[in-house]
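Residue 270 in our numbering is what sits at position 247 of the sequence shown, and the numbering runs on without skipping anything.
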Amino acid sequence: MLLEKVSLFGFKNYEEASLLFTQKVNCIIGENGSGKSNLLDAIYYLALTKSAWNPVDAQNIKGDSPFFTIKGTFLHRDKYYEVQCSLQRGQKKIFKVDSSEYEKLREHIGRFPLVIIMPDDVDIIRGGSENRRKFFDGIIAQSRPNYLESLLRYRHYLKQRNSLLKQFAERGKTDHDLLEPYTYEVLRFGKIIYEERKSFLESFKSSFEQHYNFLSDDRESTDIRYKSDLDKEDYEELFREHLAKDLAYQRTALGVHRDDFPFFIHNHKPLKKYGSQGQQKSYLVALKLAQFDMLKKEHGKDPLLLLDDIFDKLDDTRISKLMSMVASEHFGQLFLTDARGQRAKEILNGLNIDAKFFIVEKGVVQEEK
């Protein structure tokens, strides 16, 4: 799968821009704050219907512009697809493929798979369990459409159950008949999510370990585990016995919404505590490349790979290995940004990697001839 062209109107700091991409490596260079990452975000919108950085769509409209529009042309197996995302202030976001609008935006997820590596992704490693759940849920949702539906249903019933728990606690009286249908659905969809996460991680780990070992020259051992309340055989019984505490907490204290995926290095030591900055960055890159492999296997097409300021915190050896890897035939079309244009050129030229360069300055982008 290839992205041949992107056009922007009123998006973030761009009044208007149009880019024609090469099918291999596209390098966007410019000073910090010039708008490099905004171009990647436009591509992210086309694949996943939303921003990678700002979840409030209206805040991605430029200044006083009344709307933004992002258009992209994808090519897959000799067929072109015209994708358009637009938003007018105060109105509903419109998303179309070949002029056909979606009834539900989630129907688009996975159709044009994408993987992005950006500086904020370090929260997956250094942050709490919510960050890691969000990361793995995002991969599984792009790989298995039914998973997203189960996840949304679980969140809905969990929210309703928590609302009832709060009402019962405030009134000092519990209506078990009213609560039971929500408890049943939380348990039902929780089990589905648990089984999906568990089976997914087994296939994911082998790909992750392969990429990390390549980046580190097999110098460090790694492991990813899945930690869940549902690991207990008598989980459903424990869940129901926990009702008194749930009423005291006014929320559901057990369930897959508390799951975690702990990361380890050096003979099972927590990565967050014992991993260096370079090791943590390599771990993150390996996670994302394994995500690429999972999506490629599931959809039978190469996801787009976006690398935002990827060279920071990596030594020269790991940078060289990373770029030689992602520029190989396995990884398809690549988009990367760098604030130091000369560095990017030296790295790519040193590895004999042909690339197309785009220069960004204050919201204006030009192709370097």
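We put the beta carbon where it would ideally sit given N, CA and C, even for glycine.
Computed from a prediction, not measured in an experiment: that's the story for all the values here.
Worksheet entry | Reference I382; option with closest CA among N375, Y235, K368 | K368
Worksheet entry | Contact check, R155 vs I147, beta carbons under 9 angstroms | yes
Worksheet item: Can you give the Cα-Cα distance for S299 and L187, rounded to whole angstroms?
Response: 45 angstroms
Worksheet item: Can you tell me whether DSSP reads I51 as helix, strand or coil?
Response: strand
Worksheet item: In its own chain, which residues sit with a C-beta less than 8 angstroms from the C-beta of T340, not counting the 5 before and 5 after it?
Response: D240
Worksheet item: Grouping DSSP H, G and I as helix and E and B as strand, with all else coil, what is A378?
Response: strand
Practice prompt. Ignore the nearest five residues each way along the sequence and tell me which others in L201's own chain have a CB closer than 7 angstroms to its CB.
Written response: L187.
Fill in: Three-state secondary structure (DSSP) of K102
strand
Discussion item. Rounded to whole angstroms, what is the Cα-Cα separation between G213 and E259?
Written reply: 10 angstroms
Worksheet item: Between the Cα of S222 and the Cα atoms of N236, F231, Y249, which residue gives the shortest distance?
Response: Proximity to S222 across N236, F231, Y249 peaks at Y249, based on C-alpha coordinates.
Fill in: Cβ distance (whole Å) where D395 is taken to contact G278 below 8 angstroms
Because the chain spans 24 through 392 in this model, residue 395 falls outside it and cannot be assessed.
Item to complete: Would you mind sorting S123 into buried or exposed? The rule is 16 or more other CB atoms within 10 Å of its CB.
Response: Residue environment analysis places S123 among the exposed positions, since fewer than 16 neighbouring C-beta atoms fall within 10 angstroms of its C-beta.
Discussion item. Report the CB separation of F315 from V138 in whole angstroms; it is logged as a contact under 8 angstroms.
Written reply: 5 angstroms
Item to complete: Consult DSSP for K255 and reduce its assignment to one of helix, strand or coil.
Response: coil
Worksheet item: Looking at C-alpha atoms only, which residue of S229, E232, H179 is the closest neighbour of T206?
Response: H179
Discussion item. Our contact map puts M394 next to S230 with C-beta atoms below 8 angstroms; I'd like the distance itself, whole angstroms only.
Written reply: In this structure the chain extends from 24 to 392, so residue 394 is not present and cannot be described.
Fill in: Spatial neighbours of K385 in its chain, beta-carbon cut-off 8 angstroms, leaving aside the 5 residues before and after
N36, S57, G58
Worksheet item: Who are the Cβ neighbours of G321 in its own chain at under 6 angstroms, not counting the five residues just before and after it?
Response: The displayed chain sequence assigns Glu, not Gly, to residue 321. Cβ neighbours of E321 beyond the five flanking positions: S166.
Practice prompt. Mind reading off the beta-carbon distance from E232 to T245? Whole number of angstroms is fine, and I expect it under 8 angstroms.
Written response: 6 angstroms
Discussion item. Among the candidates S347, F358, L312, Y103, whose CA atom is the shortest distance from the CA of L330?
Written reply: Of the candidates S347, F358, L312, Y103, the one whose C-alpha sits nearest the C-alpha of L330 is F358.
Worksheet item: Going by C-alpha distance, which of F118, F227, D101, D80 is nearest K94?
Response: F118
Worksheet item: Where does E38 sit, in a helix, a strand or coil, going by DSSP?
Response: If DSSP states are grouped into helix, strand and coil, E38 belongs with the strands.
Discussion item. With DSSP as the reference, identify every bridge partner of I288, one or two as the case may be.
Written reply: T245, K292
Practice prompt. Give the range of the alpha helix (DSSP H) segment to which F227 is assigned.
Written response: If you look at F227, you'll find it in the alpha helix (DSSP H) that goes 199-239.
Fill in: With 16 other Cβ atoms within 10 Å as the buried cut-off, status of P136
buried
Fill in: 8 angstroms contact criterion, which E39 and L31 should meet: CB distance rounded
7 angstroms
Worksheet item: Which term fits L43, buried or exposed, when burial requires 16 or more other beta carbons within 10 angstroms of its beta carbon?
Response: L43 sits exposed, since fewer than 16 C-beta atoms from the chains shown fall within 10 Å of its C-beta.
Discussion item. What residue range does the beta strand (DSSP E) around Q389 cover?
Written reply: 387-390
Worksheet item: In angstroms, rounded to a whole number, what distance separates the CA positions of K296 and E243?
Response: 15 angstroms
Fill in: For G95, the residue or residues it bridges with in DSSP
V29, V106
Worksheet item: Where are the alpha helix (DSSP H) runs, 4 residues long or more, that stay fully inside the segment 135-176, in chain order?
Response: 146-149, 152-166
Worksheet item: Where does D269 sit, in a helix, a strand or coil, going by DSSP?
Response: helix
Worksheet entry | Rounded C-alpha distance that separates K304 from T197 | 49 angstroms
Discussion item. Since D269 and A276 should fall inside the 8 angstroms C-beta cutoff, what is the C-beta to C-beta distance between them, to a whole number of angstroms?
Written reply: A276 and D269 do touch by the CB rule: their CB atoms are close to 6 angstroms apart, below 8 angstroms.
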